[in-house]
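These notes concern the structure reproduced below.
Number of protein chains: 2
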Amino acid sequence: MYPKKFEELCSAFEKLPGVGSKTAQRYAFTMLDKDSEQIDMMVDALKGIRQIRRCKVCGFLSDEDYCPFCKDTSRDASTIMVVAYPQDVAAIEKTGSYKGLYHVLGGLISSSKGIYPEDINIEKLLERIEPSLREVIVAVSPTMEGEMTALYLDKILKDKGVLVTRLAHGLPMGASLDYADELTLIKAMDNRRKIQDE
Amino acid sequence: MYPKKFEELCSAFEKLPGVGSKTAQRYAFTMLDKDSEQIDMMVDALKGIRQIRRCKVCGFLSDEDYCPFCKDTSRDASTIMVVAYPQDVAAIEKTGSYKGLYHVLGGLISSSKGIYPEDINIEKLLERIEPSLREVIVAVSPTMEGEMTALYLDKILKDKGVLVTRLAHGLPMGASLDYADELTLIKAMDNRRKIQDE
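Heads up: the sequence lines are chains A and B, in that order.
Mapping to the numbering used here: the first sequence position 194 is 1153, numbers consecutive.
Mapping to the numbering used here: the second sequence position 38 is 997, numbers consecutive.
Following this line, the structure appears as structure tokens:
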């Protein structure tokens, strides 16, 4: 019923995550009401994707060969935090309490999805292991895939004599104890700490 | 923290309805993972918007001068259903029980938004009033703006001697009576019909 060009636009939007036919149509109608300038802006933004590169050292997004973190000599180069995705770097940076470097894997090891160690950015991490490196913090989500990746990294990095740590598991701050799931409670009990240490 | 080109892509996606910064970023990351071909597909789809036109008669979307409905001589030309948006045509067509023509206003009269009768596609509707036209069905949503538009159309079309009707208000089919809002119940009582008429 709709013109072919309109249907094509809907299909394009349907490729976005979580966008069904109804939402895609809504987006398409919105674009239809926009003037040429705004459409051009979106077209240019999409074309600009090709200019987004990955940092040659850590794999984070960058306009240039090296990302702002790797270029920043004021950051503590003795610590590398390994994350799965660039978004995770943003989440950690928002806390403002980490001053070391990052390493973005670009994914997690997953036997079910057929993602093996050689498919993610691990080789470049190994190249970064130097005597001056004190600690590698594995900051991956506590999912099956996160666990597999953490264990793999622990094994290969320990062999190289680096201290490998991971983010703590336990009750989220502000959360109600009786709403926590069993696994989280078990982890919180296992990892209990002396009160004066906190 | 993210490259400028990436931020630009996020901003572009944020222009879509109901898309906040988090969703826009999710869309941008998805596009980042797509290959050139898929990005080109989206770019071409957006560029294609300029080729989408409005039917010269009814205002519905079309590749050509006239839309599929206006070109279809098998449809009943004695009835025109007036709707606010092209999406409404799709909703009516899905019922499969309307065989007349359409007229798309492209909006509704709204004093609060400063949309006046001359801002929507009413002039072309008046041009379609011919002696062979039997009925104009005003099929707008029962909102304040819909009501204003319906009353305005009723006034100017009646003067031209056309029968003007509107969609019935009442209980939605399958809905529970005790969940209906008061206004709907009042309308349903006011518009009650003899059982054998149904």
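Here a beta-carbon is modelled for each residue, glycine too, at the ideal position from N, C-alpha and C.
Any chain B beta carbon closer than 8 Å to residue i
i       : result
A:E1157 : Here A:E1157 scores only 47 on pLDDT, less than 50, and its place in the model should not be relied on; the value that follows carries that caveat. So no, A:E1157 is outside the interface.
A:Y961  : yes
A:S1021 : yes
A:I1011 : yes
A:I1008 : yes
A:K964  : yes
A:L1067 : no
A:L1005 : yes
A:I1154 : no
In DSSP terms, what residue i is bridged to
i       : result
B:E1094 : B:T1038, B:L1122
A:S1021 : A:R1012
Residue-level contact to chain A via CB, residue i, 8 Å cutoff
i       : result
B:R985  : yes
B:L1144 : no
B:D1149 : no
Pick from the options that is closest to residue i, judged by C-alpha positions
i       : options                            : result
A:S1071 : A:V1099, A:F988, A:M1103, A:R1151  : A:M1103
B:Y1044 : B:C1029, B:D1118, B:L1085, B:S1100 : B:S1100
B:G1066 : B:G1055, B:G1059, B:I1081          : B:I1081
B:L1092 : B:M1001, B:D1035, B:A971           : B:D1035
B:D1149 : B:R985, B:S1037, B:G1129, B:A1134  : B:G1129
A:P962  : B:F1028, B:L1122, B:E966, B:V1002  : B:F1028
B:E1089 : B:K1119, B:I1079, B:Y1111          : B:K1119
A:G1018 : A:V1048, A:I998, A:E996, A:R1009   : A:V1048
B:D992  : A:A987, A:Y1138, A:V978, A:K974    : A:K974
B:Y1075 : B:K1053, B:L1112, B:A1147          : B:L1112
B:L1084 : B:R1151, B:M1040, B:D999           : B:M1040
A:T989  : B:Y986, B:R1087, B:D994, B:G977    : B:G977
A:D1000 : B:A971, B:D1003, B:V1095, B:K1006  : A quick correction: the sequence has Met, not Asp, at residue 1000 of chain A. Among B:A971, B:D1003, B:V1095, B:K1006, the Cα nearest to that of A:M1000 is on B:A971.
B:I1079 : B:S1033, B:E967, B:H1062, B:E1023  : B:H1062
A:T1124 : A:T982, A:I998, A:T1038            : A:T1038
A:K1015 : A:Q1155, A:I1008, A:K1030          : A:K1030
A:R1151 : A:V1095, A:L1116, A:A1127, A:V1121 : A:A1127
A:I1011 : B:L1116, B:L968, B:A1098, B:Y1138  : B:L968
B:L1122 : B:I1096, B:L1142, B:K981           : B:I1096
B:T982  : A:Q1046, A:E1106, A:K1058, A:D994  : A:Q1046
B:C1026 : B:L1060, B:S1056, B:I1051          : B:L1060
B:E1086 : B:T1108, B:D1003, B:L1116          : B:L1116
Chain B contacts made by the region 987-1003 of chain A, where a contact means CB separation under 8 Å: F988, T989, M990, L991, K993, S995, Q997, I998, M1000, M1001, V1002, D1003
Alpha helix (DSSP H) runs contained entirely in the region 1039-1119 of chain B, provided each spans 4 or more residues: 1045-1054, 1082-1086, 1103-1117
Residues from the region 1015-1043 of chain A in contact with chain B, defined by Cβ distance under 7 Å: L1020, S1021, D1022, P1027
Where the region 967-982 of chain B meets chain A: residues whose CB sits under 9 Å from a CB there: E967, L968, C969, S970, A971, F972, K974, L975, P976, G977, V978, T982
Contact set between the region 1047-1065 of chain A and chain B, restricted to residues whose Cβ is under 7 Å from the partner: A1049, E1052
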